[in-house]
Amino acid sequence: MKQFIEFIPVLLFVVVYFTTRDIYISTGVLMAGICFQVAYEFIRFRKVEKKTTVIFWVAMLFGGATLAFRNQEFIQWKPTIVNWLFCVALLMSQLISGDNLIKKMLSEQLTLPDLVWRNLALGWSLGFFLAGGLNLVIAYNFSLDFWVTYKLVGGIAISLIYMIVTMVYLIKGGYIQDDPPPVPEAE
Numbered sequence: 208m209k210q211f212i213e214f215i216p217v218l219l220f221v222v223v224y225f226t227t228r229d230i231y232i233s234t235g236v237l238m239a240g241i242c243f244q245v246a247y248e249f250i251r252f253r254k255v256e257k258k259t260t261v262i263f264w265v266a267m268l269f270g271g272a273t274l275a276f277r278n279q280e281f282i283q284w285k286p287t288i289v290n291w292l293f294c295v296a297l298l299m300s301q302l303i304s305g306d307n308l309i310k311k312m313l314s315e316q317l318t319l320p321d322l323v324w325r326n327l328a329l330g331w332s333l334g335f336f337l338a339g340g341l342n343l344v345i346a347y348n349f350s351l352d353f354w355v356t357y358k359l360v361g362g363i364a365i366s367l368i369y370m371i372v373t374m375v376y377l378i379k380g381g382y383i384q385d386d387p388p389p390v391p392e393a394e
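Under the numbering used here, think of the first position of the sequence shown as 208, with each following residue one higher.
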């Protein structure tokens with residue numbers, strides 16, 4: 208459910224853009240949607256995740272600049288900035304403090320050696336870096352319509368690809384089993 212709530216502002220942005228063909232109206236809707244997302248998270252869980260906080264502030268800054276300066280490039284930079292901030296956060300937490308953010312998020316579901324956690328953090332850092340770069344390539348080399356479509360489909364596709372790559376890495380390394388455990392027979 209939480210992933211669906213996180214997806215709603217982007218979905219609204221795309222729907223409003225393709226309905227109005229107005230990047231400024233859709234940017235305002237995106238900003239409002241993210242505000243509602245933050246409010247929902249706070250009301251529901253009594254806290255707002257750091258990830259959501261980062262997305263909120265980057266959206267407000269770049270969305271606000273888009274509206275204030277009437278320049279779509281600011282909102283087109285938002286996904287890149289968010290991805291690169293996540294990249295830097297994963298790298299710096301690992302290198303400076305020795306904390307592994309991926310391990311902090313998933314250690315209750317997975318028990319892995321520290322080397323594997325480090326590799327996952329580095330791999331996801333690379334993924335965030337590449338996703339940010341790809342966003343810029345698309346923003347500057349394709350139409351606004353194509354970029355808006357990519358914003359909806361590309362983010363989901365990239366996340367799905369990285370989850371699959373992660374699962375393959377963990378299964379091939381023998382860290383998780385690809386076969387479900389046998390179900391005991393009823394007596």
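By construction, the Cβ of each residue, glycine as well, lies at the ideal position given by its N, Cα and C atoms.
Being a predicted model, the structure only gives us computed values, none of them experimental.
Within the model, the alpha-carbon separation for E280 versus R253 is close to 34 Å. One Cα belongs to R228, the other to V323, and the distance between them is close to 45 Å.
Counting along the chain, the unbroken alpha helix (DSSP H) around F269 starts and ends at K257 to F276. Spanning the alpha carbons of F211 and V217 requires a straight line of approximately 10 Å. Rounded to the nearest angstrom, the gap between the Cα atoms of N342 and G361 is 9 Å. Ranking P286, F293 and Y382 by CA distance to the CA of D321 puts Y382 first.
Exclusion of the five residues before and after W354 leaves Q283, I345 and A346 as the residues of its chain whose Cβ lies within less than 7 Å of its Cβ. In the pairwise beta carbon analysis, the region 286-294 is classified as touching the region 331-342: at least three pairs are separated by under 8 Å.
Secondary structure of T373 (DSSP, three-state): helix. Counting other Cβ atoms within 10 Å of its Cβ, V223 reaches 16 or more and is therefore classed as buried.
Rounded to whole angstroms, the separation of the alpha carbons of K311 and I262 is 20 Å.
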